[in-house]
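Peer 1:
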Amino acid sequence: MLITHSYSLAAEAQDPVMKLTALLPASTLGVDMFFAISGFLICASLKRQPTYGSFLRNRLLRIMPALAVLCVITVFVAGPLLTNSNRYWHDEQTLAYLWNATIYVWQPFLPGVFTGNLTPVVNGSLWTLAMEATCYLVLLLFAWSGALNRRGLAVLLAATYMLHVYEVFPRGLILFGYSGGMEVYHLNRFLLLFAGGAFISLIGRSWAVSWPVTVITGALVLLAFYRGQEDWRNFMPIYLPVWPWFVISLAYRLKRLSRLDGFDASYGIYLYSFPIQQAFVQLSHQTITPGMLTLLALPLTLVFAFLSWFLVEKPALSLKGGLPAPPRPAVPPTTALAS
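Numbering of the sequence shown is given in UniProt numbering, commencing with residue 1 and proceeding in unit increments.
#1: From L260 to R253, what does the alpha carbon distance come to, in whole angstroms?
#2: Is the separation between the beta-carbon of W106 and that of W127 shorter than 9 Å?
#3: Given this structure, state the Cα-to-Cα distance separating R59 from L319, to the nearest angstrom.
#4: Would you mind reading off the limits of the alpha helix (DSSP H) that contains P315?
#5: If you measure between the beta carbons of C135 and I42, is that distance less than 9 Å?
#6: Would F55 and L141 be called neighbours here (beta carbons separated by less than 9 Å)?
#7: In angstroms, rounded to a whole number, what distance separates the CA positions of A10 and W144?
#8: Using the three-state DSSP reduction, which class does residue 366 fall into: helix, strand or coil?
#9: In terms of residue numbering, what span does the alpha helix (DSSP H) encompassing R205 cover?
#10: How many angstroms separate the CA atom of L61 from the CA atom of P315?
#11: Quick one: measure Cβ to Cβ for L192 and T160, integer angstroms, because I've assumed they're closer than 8 Å.
#12: Check whether the Cβ atoms of V199 and L153 sit closer than 9 Å, and answer yes or no.
#13: What span of residues does the alpha helix (DSSP H) with residue 353 cover, start to end?
#14: Below 9 Å between beta carbons: does that hold for Y7 and P25?
#15: Shortest alpha-carbon distance to A305 belongs to which of S266, Q278, I37, L296?
#16: Looking at the unbroken alpha helix (DSSP H) that takes in M1, where does it start and where does it end?
#17: Between which two residues does the alpha helix (DSSP H) holding F246 run?
#18: Alpha carbon to alpha carbon, how far is L2 from residue 343? Give it in angstroms, no decimals.
#19: Taking W243 as the reference, give the member of A22, V31, D15 with the closest Cα.
#20: Using only CA atoms, which one of Q229, R151, L70 lies nearest to S125?
#21: Looking only at C-alpha atoms, which of N123, R57, T115 sits nearest to I73?
#22: Straight-line CA distance for L137 to K19?
#23: Taking the CB atoms as reference points, tell me whether L202 and L187 lie closer together than 9 Å.
#24: Quick check: the Cα distance between G182 and H285, rounded to an integer number of angstroms?
#25: Looking at G197 and P241, is the spacing between their C-beta atoms short of 9 Å?
#26: Would you kindly check if the distance between the Cβ of V247 and the Cβ of A66 is under 9 Å?
#27: What does the alpha-carbon distance come out to for the pair V17 and G228?
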């Protein structure tokens, strides 16, 4: 995501993957990978939770503290240093930016910040957070209704797949009807990928993540790109259902990377990379190249991700077992999961 953003922010619209395939940029592949893996992990987490309340609490602890700190740093530190507006503290848009910490409100601009850049958005990564949180809630709804099983998720997969392939939701249709709301087209697509990962988690069989599955789904992904060169409409119908299988089974081939679990930089990179890249673009007066932007932004982003993990995220996650759990629901989640 950081690499592909370097191309769009440094005024070179297409990254190498987009130039090669003419179908989608590397950032889309990365986001799709994230939603597939998230569905797999979050479904497993929901199965382990003693109550629905504890599941919600743990998800909030994972997302909101680090997000709130990011918003505070952006408004009270980065904003004053980077703005070209004399009315930064008098503009209602300044404090309104803090609403980003609520997940479901996206305020993309700060007065005078990055206004001279090609893209004046302060943090263009945050728009997917509401999509992710909504996927959590849909999964929780399935568990509460007793439908969190292979049959229930198969129905969800089929429904979201048909809605996407037949383009039932037009581009630009916004849920909740405001500029920071969720675009239904993307929400449905992300939910399809998320449900695909969750479905694999519910299968719970070694064959689902075996070498043959990795090879077969990898070949189908390549077929999707090949067919997409003939007609772009051939790409998504093949790519979307097999991408979660390929990503998750491939992850099982890379088990040695699990040693890095003591330092999870992924969320910190997601939060801080975009504004850091924007700052370098502004300081260079838009003369920086994509390669140089990546080279400069990556180490600084890793520093902020490191600090975010050890000073905010990890302490917040330690509260998972320290807070009293809400009362158990009348029907335990395990009942639904066993069906």
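Built from N, CA and C at the ideal position, the CB exists for glycine as well.
Given the structure is predicted, the values throughout are model-derived calculations rather than measurements.
Peer 2: For this structure:
#1: Below a pLDDT of 50, predicted positions are generally treated as unreliable, and L260, at 48, falls in that range; no measurement from the model is reported.
#2: yes
#3: 12 Å
#4: Counting along the chain, the unbroken alpha helix (DSSP H) around P315 starts and ends at 314–317.
#5: yes
#6: no
#7: Straight across, the Cα-Cα distance linking A10 with W144 is about 46 Å.
#8: There is no way to answer for residue 366, as the model of the chain reaches only from 1 to 339.
#9: That residue, R205, is in no alpha helix (DSSP H); it is neither H nor E in DSSP.
#10: Computed Cα separation, rounded: 9 Å.
#11: 4 Å
#12: Val is not the amino acid found at residue 199; the sequence shown has Phe there. For the 9 Å CB-CB criterion, F199 and L153 form a contact.
#13: Since the displayed the chain opens at 1 and closes at 339, residue 353 lies outside it and no answer follows.
#14: yes
#15: S266
#16: Unbroken run through M1: none, as it is neither H nor E.
#17: That run of the alpha helix (DSSP H) goes 235–253.
#18: No information on residue 343 is available, as it lies outside the stretch 1 to 339 that the chain covers here.
#19: V31
#20: S125 has its Cα closest to that of L70, out of Q229, R151, L70.
#21: N123
#22: 36 Å
#23: no
#24: Rather than Gly, the amino acid found at residue 182 in this sequence is Met. Put simply, the backbone Cα of M182 is about 32 Å away from that of H285.
#25: no
#26: Contact flag unset, no.
#27: Between V17 and G228, the C-alpha separation is close to 14 Å.
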